[in-house]
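S.K.: Encoded as structure tokens, here's the structure I'll be asking about.
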Amino acid sequence: MNIIFDITRLLRRSSAFTPTGIDRVELAYARHLREHYPDEAHFIGRLRSRPWRLNPDACHSFIETLTTRWEMSNELASRSEISRLENFLEILPNALAAGMEQPVRRSSIPALAPSLPVLLSPLSLWPDRACRRFNKGAVYLNVSHEGLIARRDVSRLVEVRNLLPIYLVHDLIPISHPEYARPGDREKHEARMRTVLNSAVATLTNSEHTSQMLSEFATLHGLNLAPTVVSPLGVEQKFHEPVDLPPIDTPYFVMIGTIEPRKNHLTILHLWRHLAETSPVVPKLIVIGRRGWENENVIDIMERCDALSPHVIECNRLPDQLLRHLMANARAVLMPSFAEGYGLPLAEALTMGAPALCSDLSVFREIAQDAPDYISPIDGAEWMRSIVDYAKPDSKRRAAQIERLARFKPPTWEKHFAALDHLIELVHSTSQRSATAIRPGKYRTPSPVPGSAVAARMRKNIADLIASEDAA
3 MNIIFDITRL LRRSSAFTPT GIDRVELAYA RHLREHYPDE AHFIGRLRSR
53 PWRLNPDACH SFIETLTTRW EMSNELASRS EISRLENFLE ILPNALAAGM
103 EQPVRRSSIP ALAPSLPVLL SPLSLWPDRA CRRFNKGAVY LNVSHEGLIA
153 RRDVSRLVEV RNLLPIYLVH DLIPISHPEY ARPGDREKHE ARMRTVLNSA
203 VATLTNSEHT SQMLSEFATL HGLNLAPTVV SPLGVEQKFH EPVDLPPIDT
253 PYFVMIGTIE PRKNHLTILH LWRHLAETSP VVPKLIVIGR RGWENENVID
303 IMERCDALSP HVIECNRLPD QLLRHLMANA RAVLMPSFAE GYGLPLAEAL
353 TMGAPALCSD LSVFREIAQD APDYISPIDG AEWMRSIVDY AKPDSKRRAA
403 QIERLARFKP PTWEKHFAAL DHLIELVHST SQRSATAIRP GKYRTPSPVP
453 GSAVAARMRK NIADLIASED AA
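Its first residue numbered 3, the sequence shown is counted upward by one per residue in this note's numbering.
Right under this line is the structure:
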């Protein structure tokens with residue numbers, strides 16, 4: 003059995019210091035396949051609309067370096083940022099910083115050289131060009147939505163070679179809620195989902211909600227839905243472990259996620275402004291997340307509203323250890339989103355024992371069970387009542403949720419990958435086509451070319467990949 007895993011997104015996103023949610027998923031898959039299918043798993047990248055098999059040794063080095071790079075970037079710390087947070091929370095200077103591990107400096111994070119240049123060198127790509135070494139019947143795995151817009155590209159890779167595609171679908175939000183997506187994203191995502199439905203032999207989804215949305219899309223457009231397995235994404239082990247930092251007595255709430263309209267920051271900020279103007283005691287609000295798109299109103303309020311400045315702070319980057327500590331000590335984590343495909347930050351917060359107030363979305367109920375308190379994202383009055391109640395030291399509602407959290411069963415990567423492995427085996431065993439070993443290649447590895455020709459082509463490959471517009 004051969005498994006062809008498409009890591010085009012990882013290659014394209016590898017220069018970023020901070021991984022997105024989909025980046026983290028694709029990297030987790032890469033590590034799982036390397037560990038559990040050392041001989042069967044083969045990695046490809048798509049460059050200029052063509053698939054290229056990647057050198058196994060260079061690919062292994064790239065994955066390990068990228069893992070270290072992103073793990074270390076999660077601990078990037080700015081002393082001034084931590085000091086600003088300590089002052090905001092009215093705790094002693096260096097109280098948080100002193101208990102933290104030595105902060106990571108940007109200069110200490112390993113560069114991707116030489117793994118990425120070696121991986122994309124023409125000397126590495128040419129011998130396995132276009133994946134011609136694979137026999138028909140191999141399983142093709144794509145978990146990032148990457149490269150699915152142009153069906154002809156998928157046809158060139160999958161249909162011509164009789165591969166067996168398995169896709170992981172994360173969400174259909176650009177289709178179901180185009181008002182929260184960027185212009186043109188709806189059409190792009192419809193093209194991706196059409197490609198999935200037209201070519202998949204099996205599909206994974208991260209939730210029953212996503213599975214239902216995909217089924218409705220297939221029915222609406224008269225497309226067949228391949229057998230679909232629902233397998234929630236796992237919570238990393240670090241969220242099961244306590245953080246050894248001093249407790250924070252100041253009552254505060256945390257809101258985590260990209261600052262964009264879909265996350266509903268605007269409602270929460272207006273509520274906090276009302277509290278600041280009408281209440282003698284106002285809890286703190288920590289907004290954690292990178293700035294997204296079409297968020298001008300939110301940014302203007304946080305930057306210009308004098309009434310909010312003593313009570314609200316925006317943090318774009320915090321060390322992972324401190325982020326987990328803030329979640330665990332918060333009066334509640336706020337998740338007032340209008341739409342979600344999954345809700346991993348919610349599962350992570352609940353795993354740490356942090357209470358949550360979240361939107362009454364079917365996907366949240368599916369993932370979080372009965373643990374949180376659910377509120378309609380448009381019910382501002384109930385959000386206000388809940389926040390005021392949870393801010394009290396003797397809040398009965400908060401105490402009741404903490405009791406419910408003891409029953410919460412977080413999703414695990416072990417269960418997710420068990421479902422994946424079973425699906426791969428099922429697809430392979432029921433296929434009438436045999437996925438046999440890779441035949442020796444007929445291509446001769448070119449001798450190194452004197453001068454800069456190879457280096458120039460390598461740099462061009464990297465530039466073309468990073469500049470790709472087909473983002474998930």
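For every residue, glycine included, the Cβ atom is placed at its ideal position computed from N, Cα and C.
(1) Three-state secondary structure (DSSP) at GLN434?
(2) Tell me where the beta strand (DSSP E) around LEU287 begins and ends.
(3) Reducing DSSP to helix, strand and coil, say where ILE440 ends up.
(4) State the Cα-Cα distance for the pair GLU210 and LEU216, rounded to the nearest angstrom.
(5) At a cut of 8 angstroms, does the segment 369-377 reach the segment 329-345 through at least three beta carbon pairs?
(6) Evaluate HIS475 with the Cβ neighbour count: other Cβ atoms within 10 Å of its Cβ, from every protein chain shown; 16 or more gives buried, anything less gives exposed.
(7) Measure the C-alpha to C-alpha separation of ARG158 and ARG48 and round it to an integer number of angstroms.
(8) First and last residue of the alpha helix (DSSP H) that includes TYR392?
(9) Please confirm whether GLU28 and ILE9 have their CB atoms less than 8 angstroms apart.
(10) Would you list the one or two residues that DSSP bridges to GLU316?
(11) Who are the Cβ neighbours of GLY355 in its own chain at under 8 angstroms, not counting the five residues just before and after it?
(12) Give me, in chain order, the residues of the same chain whose beta-carbon lies closer than 7 angstroms to that of SER146; leave out the 5 immediate sequence neighbours on both sides.
(13) Give me the Cβ distance between LEU150 and THR197, rounded to the nearest whole Å; I'm assuming they're in contact under 8 angstroms.
(14) Go through the segment 30-94 residue by residue and report every complete run of the beta strand (DSSP E) that reaches 3 residues or more, in order.
(15) Find the nearest neighbour of ASN226 within the set LEU91, LEU199 and THR207, judged by alpha-carbon distance.
(16) Please determine if the segment 238-252 and the segment 313-333 are in contact, where contact requires at least 3 C-beta pairs separated by less than 8 angstroms.
(17) Since GLY294 contacts ILE261 with CB under 8 angstroms, what's their CB separation in whole angstroms?
(18) Under a three-way DSSP split, which group does TYR344 fall into?
(19) Give me the Cα-Cα distance between SER213 and LYS286, rounded to the nearest whole angstrom.
(20) Could you spell out where the alpha helix (DSSP H) holding LEU328 opens and where it closes?
(21) Since I believe LEU165 is in contact with ILE6 (beta carbons under 8 angstroms), could you give me their beta-carbon distance rounded to a whole number of angstroms?
(22) Starting from SER209 and walking both ways along the alpha helix (DSSP H), at which residues does that stretch end?
(23) Check ILE6 in the structure and name its three-state DSSP category.
(24) How is SER361 classed by DSSP in three states: helix, strand or coil?
(25) Whole angstroms are fine: how far does the CA of ASP173 sit from the CA of SER397?
(26) Between CYS317 and LEU87, is the Cβ-Cβ spacing less than 8 angstroms?
(27) Can you tell me whether LEU352 is buried or exposed, with buried defined as 16 or more other CB within 10 angstroms of its CB?
(28) Should ALA349 and TYR392 be called a contact, given that it needs their Cβ atoms to be closer than 8 angstroms?
(29) Under DSSP, the alpha helix (DSSP H) around ALA193 begins and ends at which residues?
M.R.: Straight from the coordinates:
(1) Low local confidence applies: a pLDDT of 47 at GLN434 is under 50, so the model's placement there is unreliable, with the coordinate-based value given in what follows. Coil.
(2) LEU287 -> beta strand (DSSP E) spans 286-290.
(3) Residue placement at ILE440 is poorly supported in this model, since its pLDDT is 31, which falls under 50; the coordinates still yield a value, given next. Coil.
(4) When rounded, the distance between both Cα atoms is 10 angstroms.
(5) Counting Cβ pairs under 8 angstroms, three or more are found: they touch.
(6) A query on residue 475 cannot be resolved here, the shown segment of the chain reaching from 3 to 474 and no further.
(7) Rounded to the nearest angstrom, the two C-alpha atoms are 12 angstroms apart.
(8) In the DSSP assignment, TYR392 falls within the unbroken alpha helix (DSSP H) covering 382-393.
(9) Yes.
(10) GLU316 is bridged by DSSP to VAL289.
(11) The beta carbon of GLY355 is closer than 8 angstroms to those of ALA330, ILE404 and LEU407 in its chain, skipping five residues each way along the sequence.
(12) Take SER146, set aside five residues on each side of it, and the residues of its chain with a beta-carbon closer than 7 angstroms to its own are ARG11, ILE24, GLU28 and ALA474, in chain order.
(13) Confirmed, about 4 angstroms.
(14) Qualifying beta strand (DSSP E) stretches, in chain order: 43-49 and 52-55.
(15) Nearest in C-alpha terms to ASN226, of all of LEU91, LEU199 and THR207, is LEU199.
(16) With a cut-off of 8 angstroms on Cβ pairs, the segment 238-252 is in contact with the segment 313-333, counting three or more such pairs.
(17) The beta carbons of GLY294 and ILE261 sit about 5 angstroms from each other, so the pair counts as a contact at 8 angstroms.
(18) Three-state result, TYR344: coil.
(19) Straight-line spacing of the CA atoms in SER213 and LYS286 works out to 38 angstroms.
(20) Counting along the chain, the alpha helix (DSSP H) containing LEU328 begins and ends at 322-331.
(21) That belief holds up - the Cβ atoms of ILE6 and LEU165 are roughly 7 angstroms apart, short of 8 angstroms.
(22) Annotation for SER209: no alpha helix (DSSP H) segment contains it, and DSSP assigns it neither H nor E.
(23) DSSP places ILE6 in strand when its eight states are reduced to three.
(24) DSSP places SER361 in strand when its eight states are reduced to three.
(25) Looking at the two C-alpha atoms, the distance is approximately 36 angstroms.
(26) Contact: yes.
(27) Within 10 angstroms of the beta-carbon of LEU352 lie 16 or more other beta-carbons, which makes it buried.
(28) No, the Cβ-Cβ distance between ALA349 and TYR392 is not below 8 angstroms.
(29) Following the DSSP letters along the chain, one finds ALA193 inside the alpha helix (DSSP H) bounded by residues 187-201.
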